[in-house]
Every structure is written in C-alpha cells, then in structure tokens.
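Novice: Handing you a structure now.
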Amino acid sequence: MKTIKIKPNLVYLFIFIMLLTVPFVSDSRTLLIMFTQIFLFAIFAMSYDILLGYTGIVSFGHAMFFGIGAYSTGVILKQFDSTIATLLLAVLVGAVIAGVISYLVGMLSLRLKSHFYAMLTLAFSGLFLVVAEKWRSLTFGNDGFTFSIPDPLKDRITLYFVSLLMMAGIFLLLRRFTHSPLGRVLQAIRENENRTESLGFHVLHYKVIASVVAGVVASFAGSLYVLTLRFVNTSVFAVDVTLDALLMTIIGGVGTLIGAILGAGLIEFAHHWLTDLAKVHWIFERWIIFFGILYILVVMFFPQGIIGTVRIWFGKRKIKQSAVKNDNNISS
C-alpha cells in the first residue's frame, strides 16, 4: 500500500492562507480579536520555546521582556505623535532594551546552572514590576494609561493582518535560526551541556545568544499586545504571563515552534470559550480549574506535547512500515 507523505511546509502554507481569509468570511469582531491575541501570544510562546525547547533553559521571569516591549511602545506613543514612524521607533527601543537586559542577565547567571537563571529572571521581573508601580509620573502605576495608535492600525482587520504577518515572519526566522548550525549547537547544549563543551564550543556564549533572541522576540509580542488594547499597566510584568507562555509551550510541544503556536491557539480559545460559558453557569467563572484539567489531560495523553507526541507516533509508524518492507524484500 502506498504511503502518503505530508509535507509540513505545504501544511503551514495552507493554514496561513486559511487564516488570511478569516476577515473575509466572518465579520465577527470578537473572532478577530481572539485570533489577533492568538498570534501575539504565539510569538511570545515561540520566544519562550527558544529558551526551554531548544536550549533547555527554564525562565520564570520571561514576562519581563514582554513588559519591556509593552511599556516602551505605550510610553513613546503617549509622549509623541502616534505615527507609523513613532511606532517603529517604539518597537525598536523596546527590542534594544530587552536585548541589553537579556544579555546582562544571561552573562550574570547562565555560567551557572539553569535554575540560577530562572531565579534571577524572576527577581529582575519583580524589580521591573516594582519600578512600573512606583514610577507613577511615567507609568501611572498599577492604574496604567491609555494611548493613541497610528490611524491605519485602528482598524481591527488591519491589525489582524499585521499580527498574522508578524507571527508568520517570526516563525520563519526562528525556524531558520533553529535549523542553522548555531541552532544545532543550542540543541546539543540542551541534550548534554558537558559533552558540547568538551567538543570545544563556548557554551555560555551560545546560551546568551539564545537568551537575547528570546528576549527581543518577547518584546515584539509585548508591543503587539498593547497595540490591541491601547492600554498598558503593570499586569504585563506578572508571573502569570510567564506561566501562560510555559503552558502554551508544553501543551503544544517543547522544541517545535509550531507547537507554541498551537498551544497559544488552544489556551486563548479555551480562555474565550470558558469566559463566554461563565454567563451560562457560575461554575465556569472558575475557568482556571478547567485550565488545570486541560494541562493534566495533555500531560497524561501527550507527554511530549501535542506536536511532539504526534511526531513520535508518525516516527513509530514509519519504522514499522520500513520493517515490514524489509521483511517482504527478504522473503521475496
């Protein structure tokens, strides 16, 4: 029997084309907002996957970089004219600050074991949260502030397309990054750091590169996030934001990138769906309980995440088919 081979690139292209058609087949504002949030959180989850999935680094303060991008964009757009040029400058400033902070944090902690990095990122994230709460003349504290965005992005459909294109572009760039020789070294560090170092690679440098890339990409997600809300407050630095990225990455499949996108889609869809169900019955107001149940089910039935487990299934099936083919050749 002839085996049908599925090419991932064609699947990705088909999904992208389908997403492009969504605004033309549905005029639901809620649906557009939900998909836009999926795209930006997919970017954030992919940035976390570079650390956890491809380098084996656990971070508890990844929201720090998300918040840096969010506040940089919000503050600059509030202080200056809301033009496309100002927006690009704001996104660039956020990316540069996130890159510098991730470099400093990486150099301070990544020469030690990964849990020191996790603790230090958590401490730095808490520090930025305190600064955002206390520097009220700039950030307005926990109350936050609103700001204007460039006129072209005020249209939800335009913002939808910008978010989609940005997610697709970052996915392609990170995919190229992880398939490059540098990305292969990062995966070798994840599997066996000591052996990688014995081969002559300076492990610290590669870890810092991964940290900087993840921080910069996370800042892009933060910038997109505040554009959708036109509002920013200290919640962007909350630990819950990092935990969401961790949950999205694990559910979708660690070390797959596409799994981060799938995980973001599932989490955001579940969040919106359970929020709507809260109007039907009070029990759905405790939607975090159902998130916990979802996480438990995924760990039980998809221990490598959805994408990772599916790949294992296909791998076993391919091996089995090859074995059967070899047996047939021997018998003939």
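Just so you know, we're using the working numbering here: the sequence shown kicks off at 236 and counts up by one.
Quick reminder that beta carbons are idealized off the backbone N, C-alpha and C, glycines included.
Taking DSSP as the reference, what is the three-state secondary structure of valine 534?
Specialist: Reduced to three states, the DSSP call for valine 534 is helix.
Novice: Could you have a look at valine 467 and say whether DSSP puts it in helix, strand or coil?
Specialist: Three-state DSSP puts valine 467 in a strand.
Novice: Looking only at its own chain, which residues have a Cβ that is under 7 Å from the Cβ of glycine 543, when we skip the five neighbours before and after it?
Specialist: The residues are Gly488, Val489, Thr491 and Gly494.
Novice: Any idea what DSSP makes of threonine 308, helix, strand or coil?
Specialist: In the structure shown, threonine 308 sits in a helix (DSSP, three-state: H, G or I).
Novice: In terms of DSSP beta bridges, what is threonine 374 paired with?
Specialist: DSSP, once it has assigned bridges, lists no residue as partnering threonine 374.
Novice: From which residue to which residue does the alpha helix (DSSP H) around valine 474 run?
Specialist: Per DSSP, valine 474 belongs to the alpha helix (DSSP H) from 474-487.
Novice: Given a cut-off of 8 Å on the beta-carbon distance, is the pair isoleucine 292 and glycine 329 in contact?
Specialist: Cβ atoms of isoleucine 292 and glycine 329: not closer than 8 Å.
Novice: Go through the stretch 400-469 residue by residue and report every complete run of the alpha helix (DSSP H) that reaches 4 residues or more, in order.
Specialist: As far as the stretch 400-469 is concerned, its whole alpha helix (DSSP H) runs of at least 4 residues are 416-426, 428-433 and 438-464.
Novice: DSSP beta-bridge partners for threonine 381?
Specialist: For threonine 381, which the question treats as bridged, DSSP gives the partners Phe466.
Novice: Quick one: grab the DSSP three-state call for valine 344.
Specialist: According to the sequence as given, residue 344 is serine; it is not valine. In the structure shown, serine 344 sits in a helix (DSSP, three-state: H, G or I).
Novice: Rounded C-beta distance between tyrosine 306 and threonine 374? I'm assuming under 8 Å.
Specialist: Sure, about 7 Å apart at Cβ, within 8 Å.
Novice: Buried or exposed: where does isoleucine 252 fall if 16 or more other Cβ atoms within 10 Å of its Cβ makes it buried?
Specialist: Flag for isoleucine 252 reads exposed.
Novice: Grouping DSSP H, G and I as helix and E and B as strand, with all else coil, what is glutamine 539?
Specialist: Looking at glutamine 539 - three-state DSSP - the assignment turns out to be coil, as it is neither helix nor strand.
Novice: For the candidate residues Thr477, Ser344, Ile485 and Phe279, whose alpha-carbon lies nearest to that of proline 538?
Specialist: Here the closest residue by C-alpha is Ile485.
Novice: Residues in the same chain with beta-carbon distance under 7 Å from leucine 421, minus the five sequence neighbours each way, listed in chain order, please.
Specialist: Taken in chain order, the residues that qualify are Tyr289, Thr290, Tyr441 and Ala445.
Novice: Starting from the C-beta of serine 458, find all residues in its chain whose C-beta is less than 6 Å away, skip the five residues before and the five after it, and write them out in chain order.
Specialist: Excluding residues within five positions, the ones whose Cβ falls inside 6 Å are Gly304, Thr308, Val326 and Gly329.
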